[in-house]
Structure formats: C-alpha cells, structure tokens
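What follows is a set of notes on a single structure, which appears directly below.
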Amino acid sequence: MKTLTIFTPAYNRAHTIGRTYQSLCHQTCKDFEWLVVDDGSTDGTQQLVEGWMAENKIPIRYIYQENQGMHGAHNTAYRNIDTPLNTCIDSDDYMPDDAVEKILACWKDHGSDQFAGIIGLDVTEDGQVIGTRFNDSMATTTLQGFYQRGGKGDKKLVYRTDVIKRYPEYPLFEGERYVGLAYKYMLIDQDYELITLNEPLVVVEYQQDGSSFSMYKQYWNNPKGFAFFRKTEMQTAKGLKRKLMVCTHYVSSSIRSRNWRFVQESPKKLLTIICVPSGLLLYWVIRHKVKSDSQMKFR
C-alpha cells in the first residue's frame, strides 16, 4: 500500500488537468497514488485519464459520478481512500517536483496520533507564497488558529485518512452544488492540531470561472449550503467580530432560501437576531451584485 493518496476533483478541466498529471509523474518520491473523481465532466476528461492509466507511469484510480459539486467529490474521495495520508490537488493546480518527498519526510519525522496531519504552503507560479508563511514559533496549529493569529491566504492540507473519515460527510442539498470544505476542517480543529511545514506543496492558478472568482454567485445559488456551513462556524468561531460576521451571512443565506425558521434553527439565537438588519443588507448587496454581473455578460 502507498502512504499518500493525492485526489483531484475534476469538472470540465480537461484543458488544465494534464499539468496536474505531469507534475505527479515528475515527483521525486513515488510513494503515492492518484485518485481522480470526475464530477460529471463532459469535455473528454475520462478519455484523458484512461490514456494516462494506460501509460502506467503512476498508479491512478478513476471514479465518475454525476455532478454534485466540489464537496460531493470530496465525499466520494474520502470513501475510497485507504492510504494513511491524503491531500487534494485541484485540477487546475500542480505540485512542485519534491512536494510528496517533503510531505512524507515531515510526517516521518514529526507525525503521530496526536496530530490530524500537515499544513503547508500554496504558492503562485512565480514562487510567491499565497498569504503568509508560518511563524518560526508556530510548529503546530489548527487551521482556524492560524487565521485567528493573523495568518492569511490559502494553505495546503494533508490529513490522516482515519481522522478525516471520522467526521460527518458534507451534506448534499437538492439543486445546490456548494458547501464550504472548511466544514470538516472546523470540526477536526476542535480535536487536533496540524504540523506546520513552511514549504510549497502546490502551485495554484485561480481560474476565472472557479469559485474564488464567483463567490457572490455561489452565495446566491447555494444558500442552503452556506447557511449550513455558517451554523457550524457559529459554534467554532472565536471572537465577537467573527461571530457577528458569520451570523450576518447566515441571515442573508436564510433569507435567500426562504427559510423563515432561521432564528429557531440558529445555535446562536441572540446574535442571529442582532444580525437581522445586517443580514438583510447583505442579501440585497449580493442580489444586486449577481444581477449586475448577469447584465454585464449580455452587453
């Protein structure tokens, strides 16, 4: 059995996933397998991956499913991973040649049942760290703890498979395709820390049609998923300012989904009531932004 599974959710990324594949072929350490979860692609992704499987350069598993969104693809990946460690590399990203080697060396030197896994760096193609590095004094951290202490930017997470399977799957809401992946990470944060690794583990290129560039549309189209996520975050967030922001988003998403029981269902009822005006304002801001963006596309 390999030590690490690198899994890649793919949805119509045939034009970028080849770069992901090539980076895995170039890894200096081969103690991994690649799991591709095809989330309903219609652009020839399956044929590409089957061709790479025939090349037999690296171990590859391929799973096709009807489109469920990124979180649904993560559910499928976790159900099918049996290596001790796993990490997600998106289909428009790629790994530096020594990334697997660094992950496994770090875990061999520092890993134990005390930790959920490793948190490393995302970088851009020119080598710039996205956000901030870990302080020298920060040998371990939770994901939320890193941001609470002033950390910034996306980070690459490597989890123990037995840990991540211990927590509930991402829920699927009919007609929606988004639940924040941090839902699971927030739950894990309550029980475990991560080992920090101040090394680049993935090279990131944000796509113009990716979720990072379309959050207003995501808010509008997936209100039940966002409301669910915010209810979880209410219970794990630290600091009044963050909790007020979370409750504001929860109110906005609840209004969008026409769930008028949102106060009764909130784990922080008083804060939710306080945030009704700001939540209503955010709802109208998102509505205006989505409408304006739609009109721009037809000009």
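Just so we're aligned, residue 17 is where the sequence shown starts under my numbering, counting upward by one. Where is the CB? At the ideal position from N, CA and C, for every residue including glycine.
Leu287 carries a helical assignment under DSSP once its states are collapsed to helix, strand and coil.
Comparing C-alpha distances from Thr58 to each of Ala30, Leu287 and Pro187 shows the shortest one belongs to Ala30.
If one requires a minimum length of 3 residues, the beta strand (DSSP E) runs lying completely within the region 41 to 104 are 48 to 54, 76 to 80 and 101 to 104, in chain order. Bounds of the beta strand (DSSP E) holding Asn214 are Glu209 to Val219. In the structure shown, Lys307 adopts helical secondary structure according to DSSP, grouped into three states. Distance check between Thr148 and each of Asp106, Asp138, Phe278 and Val219 places Asp138 closest, using alpha-carbon atoms only. Taking 8 angstroms as the cut-off, the Cβ atoms of Asp55 and Gly34 do not count as close. Apart from sequence neighbours up to five positions away, the residues of its chain that approach Ile146 with a beta-carbon distance below 7 angstroms are Asp138, Val139, Thr140, Gly169, Asp170 and Val220, ordered along the chain. Inclusion of Leu213 and Ile134 in the CB contact set at 8 angstroms is warranted, their separation being smaller than that value. For the 8 angstroms CB-CB criterion, Asp109 and Thr36 form a contact. For Lys124, the enclosing alpha helix (DSSP H) covers residues Ala115 to His126.
Annotation for Ala198: the continuous alpha helix (DSSP H) segment containing it runs Ala198 to Asp205. Within the same chain, Cβ atoms closer than 6 angstroms to the Cβ of Gly167 are found at Thr148, the five residues on either side in sequence being excluded.
Pro25 has Val53 as its beta-bridge partners, per DSSP. In the DSSP assignment, Phe131 falls within the beta strand (DSSP E) that extends over Phe131 to Val139. Counting C-beta pairs closer than 8 angstroms gives three or more between the region 193 to 209 and the region 236 to 246, which meets the contact rule.
Under DSSP, Arg176 forms a beta bridge with Leu101. The residue among Leu197, Asp152, Met154 and Asp207 with its C-alpha nearest the C-alpha of Val179 is Asp207. Just so you know, the alpha carbons of Cys122 and Thr157 end up roughly 15 angstroms apart. Positions of the alpha helix (DSSP H) runs, each at least 4 residues long and wholly inside the region 229 to 266, are given as 231 to 237 and 239 to 252 in order along the chain. In the displayed model, Thr157 falls within a strand according to three-state DSSP.
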